[in-house]
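Numbering (this note's numbering), first residue to last: 821 to 920.
Built from N, CA and C at the ideal position, the CB exists for glycine as well.
None of the values given here were measured: they were computed from a predicted structure.
Working notes for the structure below.
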Amino acid sequence: MRAVLDIILILLQLYWWVLLIMIIMSWLISFNVINTRNQFVAMIWQVVNQLTEPVLRPIRRFMPNFSGLDLSPLIAFLIIFFIQSIIGYYIYPAVIRAGI
């Protein structure tokens with residue numbers, strides 16, 4: 821059971837990094853630092869968007885419009901932190917005490 825919790829924590833951390841990459845790439849694309857006409861950049865951007873959109877789309881539906889400012893990644897970061905905290909503070913110690 822501890823191994824499963826460790827894998828979940830690692831996956832959450834990896835997803836945190838994917839969100840961060842998406843944010844940085846969106847800034848670089850917006851300020852024309854990198855160009856999506858480049859095939860490699862376009863491929864990475866497509867993969868990152870396909871990984872993040874299923875999580876960010878429902879968050880965007882409930883968020884108010886802030887004049888083009890997308891705060892959904894911030895909410896996703898908070899949700900990831902909350903899940904990691906729940907696992908770290910409550911579930912993991914209970915599993916260790918139970919000896920599972």
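Asked	Found
Every unbroken alpha helix (DSSP H) within the region 832-908, with a cutoff of 4 residues, ordered by chain	859-882 and 892-906
Between the CA atoms of residue 849 and residue 892 - distance to the nearest angstrom	18 Å
Euclidean distance between Cα positions of residue 852 and residue 860	15 Å
Within 8 Å, strictly: CB atoms of residue 907 and residue 825	yes
Among 835, 828 and 910, nearest to residue 870 - alpha-carbon criterion	835
Residues of its chain near residue 855, where Cβ-Cβ distance is below 7 Å and the 5 sequence neighbours each way are ignored	861
Contact under 8 Å by Cβ, residue 896 with residue 839	yes
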